[in-house]
């Protein structure tokens, strides 16, 4: 049997006979490799592979044209299809333009109701995107406005993939539509679709050219995506789009005040490849994850390096004999490589299995933080990356394991008794590796804990209100014309909307719950922002306007700071309540209470004057958003129809609102109302903070792994050093040395290494973090307190990991140790 076969056999046997070496390697390397392979699979899907549903994505661009209302709030000017049609007219028909907006709706087929993603788009949008038409006609057909197209997933789920579905009638928002076609799933878009249920999408189309015949609506909002397909050389420049914007406003907006107001806002235009716009900041997150996982793999390898050095230093005599018999150092390294193959193969298998499991559960773990999660998979290339990584590590291990072998020390090694620390057992390499590991650990811990602190502060910030067991109960408007007419009243009190809300509240009061006649929770998914030029100061004012009712502030714990609360007599009057931000904006930070009883101008018209009856504390109306909505807020006892007819229900803690019961109560409230939806304030908070909480958990896990690897590494090195000095320690104890003095000796021996590693780590973490923050805008500001805490925690952990194995060695019976050695 050849030496290599013998080495391979010995490696297999060692899996069972030497678990102290094989188990840590298999588990540590396997699990860190799994994390690396998972991130590699994510990076490959998001950064390298073409989008799964878009054809010729290099020719597809997303166009944005935004008005900057505040430093944090910008609104899309291309929110109206008429403006996109005007753009197409301006720059010629050689460019293919499209626009779409996503929303949720309920659709009924054969008395079965489904929750779907409703995509309102311009005709021809799927063709511009490059989506395949699986069944039916193109979306540019004349009758496209009369029907709907459904996605492939919805076709399979709701209709079993039957090919005779064309012209099947479905009901949505109180209207009947025939199915005119089936489209491929629109995957490359930010959506709330449940990946387990596929992409349940329904497309409705409008004629872009017909929109030119409609008057300018002055509607400016977000949530609309504008696309253009063309070669890059044919695209308009941002300067040309800005010139078009100014020309459009002057020519199409006739109201002088509105025209001046829009032109006074900073305007920015941008044309991005659709892939870049869709991915957003995901590529930065993926690269950061890849760097973090590779760093953890390096730390794990450093630990294993020390373990292997200690193991093979114990076989010095074996290697010395082989060298004396004519073997070369390179041949010994080859034998070590073969001997370690079974362990590394097992670690690779564990890494691949764990990576496959992690990828399978990515949608549950990551939520909406990353796109295309359902398309991420572990393929052959990922397995090749894993195998190559393990082979490289094995080569490095084989090289490092014999780096201490010196031919001029062979005689000493062969003649030594094995007691003490022979010259061949050089600890310098282990100490250098440990210093590198401490520096890396310090940097990773600093980054992780600063990011975790930032996420924690975002998630658990003070919102200025409490979160009782409150629910929004809403009903869909099935008749859009009626929905618009509900807002056309001279006085709110006694209007059709007022009476409709009263009937809805009366029915819900039978639930033995408190019903508040108001349409929004203080934690809001959508906000109504009013902006107007103040004729008295010539300043542009911007504020949030929100409805309120009697007892609203008390129920949600919003403090009344001055004046009185809103009551039933204030409904339909000019009496309002403002928050402290608005009061300070108008009356200053010292005399803000003086606003109570004063007139408040909220528009440019003479009758746009309200009376302030109270001031409440300012709140944070949303969390987890990139946009800050900490604007002045005005509360009025008046409602608008809104996107859905909504009221609030508050139950005792621990109770839940049953969907079926509520739907039964409201079923025949009005035939022009559709489905019932229930959203709790707790679920909204969970949804808004999901991404920040996930980031916090991920970086905390990474910090824990980093600390654990550092502790294991230092502890292992300390244990190895103490074991090598067992003979020396036993002699010292036998001759009367105290245990405490021996502990001080061992701590002093490791103290220089720890001090050097922690000092370098602190410096590298400070300057390294600030350098990385300059490259990655998403990193929060450097925090000295966190960096100091990292250094302190790491120092304490390192001292404990040195002291514990040293103390265990010192506690051994010296006579027994001398007999064994």
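Residue numbers (my numbering): 78 to 898. Cβ coordinates follow ideal geometry from the N, Cα and C atoms, glycine included. Here the structure is a predicted model, which means the values were calculated and not measured.
1. What separation, rounded to the nearest whole angstrom, lies between the Cα atoms of residue 706 and residue 737?
2. Mark residue 862 as exposed unless 16 or more other C-beta atoms lie within 10 angstroms of its C-beta, in which case mark it buried.
3. Taking only the alpha-carbon atoms, compute the straight-line gap between residue 784 and residue 838 and give it to the nearest angstrom.
4. For residue 256 and residue 244, which I take to be in contact (beta-carbon distance under 8 Å), what is that distance rounded to the nearest angstrom?
5. How many whole angstroms separate the CB atoms of residue 713 and residue 625, which I take to be in contact at a CB cut-off of 8 Å?
6. Which value, in whole angstroms, describes the spacing of the CA atoms of residue 81 and residue 870?
7. I need the straight-line Cα distance from residue 766 to residue 539, nearest angstrom please.
8. In whole angstroms, what is the alpha-carbon distance linking residue 426 and residue 847?
9. Buried or exposed: where does residue 333 fall if 16 or more other Cβ atoms within 10 Å of its Cβ makes it buried?
10. Between 414, 264, 829, 711, which has its C-alpha nearest residue 875's C-alpha?
11. Using DSSP bridges, identify the partner residues of residue 860.
12. The beta strand (DSSP E) that contains residue 348, what's its start and end?
13. Could you give the first and the last residue of the continuous beta strand (DSSP E) run that contains residue 727?
14. I'd like the ranges of any alpha helix (DSSP H) spanning at least 4 consecutive residues and lying wholly in the region 210-257.
15. Could you work out which residue in 124, 564, 591 is closest to residue 719 when comparing CA atoms only?
16. Assign residue 396 to one of two classes, buried (16 or more other C-beta atoms within 10 Å of its C-beta) or exposed (fewer than that).
17. Based on the DSSP output, what are the partners of residue 283 in its beta bridges?
18. When we look at the beta-carbon of residue 126 and count the other beta-carbons within 10 Å, is it buried (16 or more) or exposed?
19. Might you give, ordered along the chain, the residues of its own chain that have their beta carbon closer than 6 Å to the beta carbon of residue 551, omitting 5 neighbours on each side?
20. What is the DSSP secondary structure of residue 647, counted as helix, strand or coil?
21. Is residue 502 helix, strand or coil when you go by DSSP?
22. Could you give the distance in angstroms between the alpha-carbon of residue 841 and the alpha-carbon of residue 375?
23. Using the Cα positions of residue 734 and residue 743, report the straight-line distance between them to the nearest angstrom.
24. With a floor of 4 residues, list each alpha helix (DSSP H) that falls wholly inside the region 292-347, ordered by position along the chain.
25. Does DSSP put residue 96 in a helix, in a strand, or in coil?
26. Check whether the Cβ atoms of residue 285 and residue 536 lie closer than 8 Å to each other.
27. Mind checking who residue 617 pairs with in its DSSP beta bridge?
28. State the CB to CB distance for the pair residue 186 and residue 247, rounded to an integer number of angstroms; the pair is presumed to be in contact (CB under 8 Å).
29. Flag this pair as yes or no: are the beta carbons of residue 633 and residue 545 separated by less than 8 Å?
30. Taking C-beta to C-beta, are residue 619 and residue 635 nearer than 8 Å?
31. Can you find at least 3 beta carbon pairs, one from the region 361-369 and one from the region 110-127, that sit closer than 8 Å?
32. Alpha helix (DSSP H) containing residue 458: first to last residue?
33. Would you call residue 463 buried or exposed, if buried means 16 or more other Cβ atoms sit within 10 Å of its Cβ?
34. If you scan the region 561-606 from start to end, which runs of the beta strand (DSSP E) of 3 or more residues do you find wholly inside it?
35. Counting Cβ pairs, one atom from each stretch, are 3 or more of them under 8 Å apart for the region 325-342 and the region 102-114?
36. Hey, how far is the Cα of residue 229 from the Cα of residue 312?
If we stick to the structure as given:
1. 35 Å
2. exposed
3. 13 Å
4. 7 Å
5. 7 Å
6. 46 Å
7. 13 Å
8. 38 Å
9. exposed
10. 829
11. According to DSSP, residue 860 bridges with nothing at all.
12. 344-350
13. 721-727
14. 229-236
15. 564
16. buried
17. 199
18. exposed
19. 721, 723, 754
20. helix
21. Residue confidence for residue 502 is low, a pLDDT of 47 falling below 50, so the modelled location carries little weight and cannot support an answer.
22. 17 Å
23. 14 Å
24. 315-329, 333-341
25. helix
26. no
27. 610
28. 5 Å
29. yes
30. no
31. yes
32. 457-478
33. buried
34. 591-593
35. no
36. 32 Å
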